[in-house]
Each structure stands twice: as C-alpha cells, then as structure tokens.
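Only one structure is covered here, and it is reproduced in the block below.
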C-alpha cells in the first residue's frame, strides 16, 4: 500500500468533532494516547519522512559549505585552497550563529503558539534564504560586496534551519509510539548524515556535468591550471554556475516537505495537555489516522487522570474531573479551561520550572553535553580541503593542477573520510537505540571519542608524514562512526523526551543552541588560536595544528562522559521498558510538588 493515502492532510480540523463531545476528558485522553501508541508502521513512518526531509535539507545546507567554499575562492579570489581565512570562518560562523538564534526563537514560539503554527515556517525561511545565497551577486562593476551578501543570507539560512531542530524532534517524539520512539527519532536524525552525503554527491555530479567547461586537462589548457592565475572566462562561469547550482538544489527537498508540514495536525499531546482541548485532540487524531468511528464508550476502561505535564493548577480542570475518572462510562461532557498564552506569562512559568533542582540539573546536563559534542564535531566537520588532503594523502600530498580534478577529489575524499562513517554510525544507532538505551549509547560514544581524539592527536604528525596514511583514514572514519553511534544522535533525542510537553520545545531549543555555541567557539578556536611553531594551517607543516586541536578538544569528550554519567537519567524503568513521555514528565516533577507563586498555585499554560 502506498504511503500517501495512509494518513490524511489536516484540511478540515473540525471533522469528527461531534463524535467526542459526550465523552469525558479522561476518555478522550485515553483514546488519543491509545491511537498514537497503536499507530501502524505506514502511519508513524509518514511522520518520520515529513520531519526527516527538513532535517536532510538542514544538513545539506550546513555541510555544502565545504564543497562550495573552494569554488567561491576560485571564482572571486583565484585561490583554490579556499576563501581568505576571515571570510571562510565568517561564512561558517554566520550559518551556525543563525542556527543558534533560530533554535531558541522557534523553540520558545512552538511552546507558546503551538508546534503546527511554527512547523513549516522555518522551511519557508530556509527556502527563501537558500535562493538568496544562490542568486547573490557582486553587481555591475563590483557595486556590491559578494561576501557581505553571502554572509547575510547564510545567517538567516541558519536561522531557518535552526528552527527545525526542536520542531522536528518534538513533533516526532509526541507522535511516536513509546516502544519505537527512539528508533523514530534516530531515523529523523539519520537524515543529517544523508544530507551531508548528498552534499558530496551533488558536488561530484556537478563537477562531472560541468567537466567540459572546466578544461581539466592542464597540459592542453593552462588557463585552467590552478598553478597560474585563472583567466579563462568560460572556466570561471562554469565554476560560478556550479556552486550556485549546488546551493540552490538544497531548496528542492524543502519545497517537497513544505506542503505536508503546513497541513499536518497540531501535536495531539500539545492540544490536550497545554491548550487543554482534549476534544480537539481526539478529533485530530481520529481524522489524521483515518478513523471515522466515534469513541466506543462501552469499551472504555477506567483510567487515571493524565499526568499534569504542563504544570496546570487544580483550578484549571473542573471539579468533576476526579468523578469522571471513577465513572468513565458517563456520557456527560466536561468543560476545559484554556487561557491565552503570551510570552510574559510563559516565561514566568518557565523560570519557575527551570529553577527547581531536578529540572535545572537535567536541562543543564543536556545543554552541556551537546556543547561538548559540537566543539569537535563542527570544529572538525567544517574543515578545509587542505586538511582532508593531508588526512588522505599524507606526505605525498600533491594537489592536481586541473580545476575539475581538484574539485572532484575534494568532494570524493570528504565523502569517504566523513560521510561514510556518519552513515554507518547512524544506522547502528537506529537499530540499537531502543535496546541499548540512549544513556548507554551516549556514554559509550563519549568514551571512544575521548580515546580516538587522544590517539589521533598524538599520532597525527607521524601518520601524516607517511606516504600512505591509511591508519589515519581509518581512525578518522571510526571517530565519525562514534560521533553518530553516540552523542551526536542521543543529544538530539533526549531533550525531546525528558521534559514536559509545556516546555519541551524550549528545552530542546536551548540544548541545541548550546551545541551551536560550542561549534561557533570551535570555529574561532581552530581558525585563529596559535599552537606554536609550525602549528598554523598555512605553515610548511600543517599536520601539527590539527593534532594539537584534537588533543585540546578531547578534554570536552571526557567532560561530556562525566556529565552524562552523573546527571543524565535513563528513559527505561526498572523492568527495562521504555517510559512514556507522560511517565518521564511525572518522574521529572516527582520532587517538584509545586511550581508557582507564594500561595502554592502553579501556572496553567503559562498563565497565573
């Protein structure tokens, strides 16, 4: 059966509304949770695909920088080794800094105004800014600064892709059946590795397609020999068209995902627990999962009150609620009170939540672990072709004179050294995440990354000075495997599970933004810190500085390991079964009897 007909687009949100009007709040909640927990493969897979396409686009946009920066350097600076350092670093920092802002802004907005209203909006931003980068021009007679425009558009591109982190993770988690929630989130995150791989593949295809315009045979056409200044206008136009095509193609998957994101239903858990509209949540679930039947009252079991994960006060629910739980067969409708949400009242409620010891401890731990991870991951992931060549070729590092050969080898080497390890690591995570557990995988990943960074850093110079540094390639691929079969995947998953629905997107956005802060610091650190004689990437011995950088960054892997061990909780119970989101929220608030004002009242939906 095809996937598309398996679920319905959210075009008529009031359909089946009347089917649930005469059921109690507890009955609607049980129906909603039961329908989500028993979703069929084709139903939950659709959520993974819609979320994953956007995440694929995000990764493609970030890692395509490695492919296009050498092309921009050739076109505008006649330099095949890359852009001038300040511009190259600015391009990376603009994207990562924009992502940092987007993660916080969209995370908070999704908790205040709803996931559905924000979901898709970040893709609109990403589409327009991607096209802005692709069509950036320096104007007639260089009337505009091309690098200034590229940095401007890259920042807002980062803003859009940053918003996708909390939204994709949280929506996937809130739709997921508990038994496979980790696998679904890992599958969404797998799209990052696929996007990274796609950036390399598209660059390879583009070089092959433009080969006839690049005149790669330097012996026959020295005008495209990068040992001399480039003067061949046709060659320049070919390279200029190529990098714009590579960037512009990143908007295609975003266009594909946009319609489905704009038409998806609101997260049923958000509708029921935050806006306190269980009637709408039940109707949405019934419509989205193709269930036209009314709620079968005679078959309803007695259920306890749903966990109050949105920190709602007792006054936010009618006095008859407890009665409705004990008399769940009653057909008397209940009235739910849902007040308006605004930034001020939401922020007061969040500060009260985050000020409690256990929520603060777990929020700090998730933020700090992501920070420790992204320091080496993006610091070494957005590295120049010169470093890739050194890892690949060692002492025999000889760059091909032809433009096409140079660009082709750059893409191919990056794909083998970085992307293959990432794909393997993600696949391992998908198949083991629910069996081994998020915490165990993160501990294992941080441990082996600490060991590998020490080994690679200490042996980088002697290994890089050999004619065939195969051992260095293997070690670097292993590090990519343990990044993704480790904290790169789990730091994305756990913030979407550990926090209550009321603050889930905000907490995930803060954790993700902490990671991007680490990546920005890493870019500045690796690009501008002087490790001593022979350490500069422009020196005669560029193999020194990367080894020193890895040794420094290994300390953060050890810190991540310790923070995970002491502060990150497991998502499995004493019977090794995965806890539901409601149970995890209950555990988080177990030592937090009240979160509110001096009178002991708590805030509902961020309202006093």
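Numbering (my numbering), first residue to last: 1 to 608. Ideal placement from N, C-alpha and C gives every residue a C-beta, glycine not left out. Quantities reported herein were computed from a predicted structural model and do not represent experimental measurements.
Taking the C-beta atoms as reference points, residue 235 is found nearer than 9 Å to residue 403.
Per DSSP, the continuous alpha helix (DSSP H) segment holding residue 117 begins and ends at 115-118. In the structure shown, residue 568 adopts coil according to DSSP, grouped into three states. In this structure, residue 372 sits away from residue 253, with a CB-CB distance that is not shorter than 9 Å. Of all alpha-carbon atoms in 32, 578, 407 and 55, the one lying nearest the alpha-carbon of residue 208 is that of 407. Secondary structure of residue 578 (DSSP, three-state): strand. The Cβ atoms of residue 169 and residue 412 lie no closer than 9 Å to each other. Sixteen is the threshold: since fewer than 16 other Cβ atoms of the shown chains lie within 10 Å of the Cβ of residue 466, the residue is exposed. By alpha-carbon distance to residue 437, the top candidate from 506, 378, 497 and 424 is 497. Comparing C-alpha distances from residue 176 to each of 210, 579, 274 and 260 shows the shortest one belongs to 579.
Our two residues, residue 342 and residue 244, have alpha carbons roughly 41 Å apart in a direct line. Inter-residue distance for residue 155 and residue 25 is about 45 Å (C-alpha atoms, whole angstroms). Going by beta carbons, residue 166 and residue 490 fall outside the 9 Å limit.
Annotation: residue 558 to residue 547 spans about 17 Å, alpha carbon to alpha carbon. Within the model, the alpha-carbon separation for residue 440 versus residue 121 is close to 35 Å. No Cβ-Cβ contact shorter than 9 Å links residue 351 with residue 588. Boundaries of the alpha helix (DSSP H) harbouring residue 454: 438-464, taken from the DSSP string. Three or more pairs of CB atoms, one per stretch, sit closer than 8 Å, so the stretch 181-195 contacts the stretch 36-55. Residue nearest to residue 279 within the set 569, 430, 288 and 23 is 23 (criterion: CA-CA distance).
Comparing C-alpha distances from residue 517 to each of 56, 427, 93 and 108 shows the shortest one belongs to 93.
Note on geometry: alpha-carbon atoms of residue 126 and residue 159 lie some 8 Å from one another. Taking each of 143, 157 and 137 in turn and checking the Cα distance to residue 149, the smallest one comes out for 137. A distance below 8 Å between beta-carbons, with the five flanking residues on each side excluded, links residue 193 to the following residues of its chain, in chain order: 59, 419, 422, 423, 425, 426 and 484. Of all C-beta pairs linking the stretch 261-268 to the stretch 88-108, fewer than three are shorter than 8 Å, placing the two stretches out of contact. According to the DSSP assignment, residue 23 belongs to no alpha helix (DSSP H), since it is labelled neither H nor E.
Residue 454 and residue 481 have their C-alpha atoms some 16 Å from each other. Just so you know, the alpha carbons of residue 554 and residue 524 end up roughly 17 Å apart. Judged by beta-carbon spacing, residue 203 lies beyond the 9 Å limit of residue 239, meaning their Cβ atoms are not closer than that value. Residue burial annotation: residue 144 is exposed, with fewer than 16 other C-beta atoms found within 10 angstroms of its C-beta. Here the alpha carbon of residue 519 sits roughly 11 Å from the alpha carbon of residue 512. Taking the CA atoms as reference points, residue 495 sits about 10 Å from residue 568. Nearest to residue 36 by C-alpha distance, out of 128, 178 and 123, is 178.
Between residue 380 and residue 450, the C-beta spacing is not below 9 Å. The beta carbon of residue 474 lies closer than 6 Å to none in the same chain, with the five residues before and after it left out. For the pair residue 346 and residue 353, the Cα-to-Cα distance works out to about 10 Å. Counting the other Cβ atoms within 10 Å of the Cβ of residue 107 gives 16 or more, which makes it buried.
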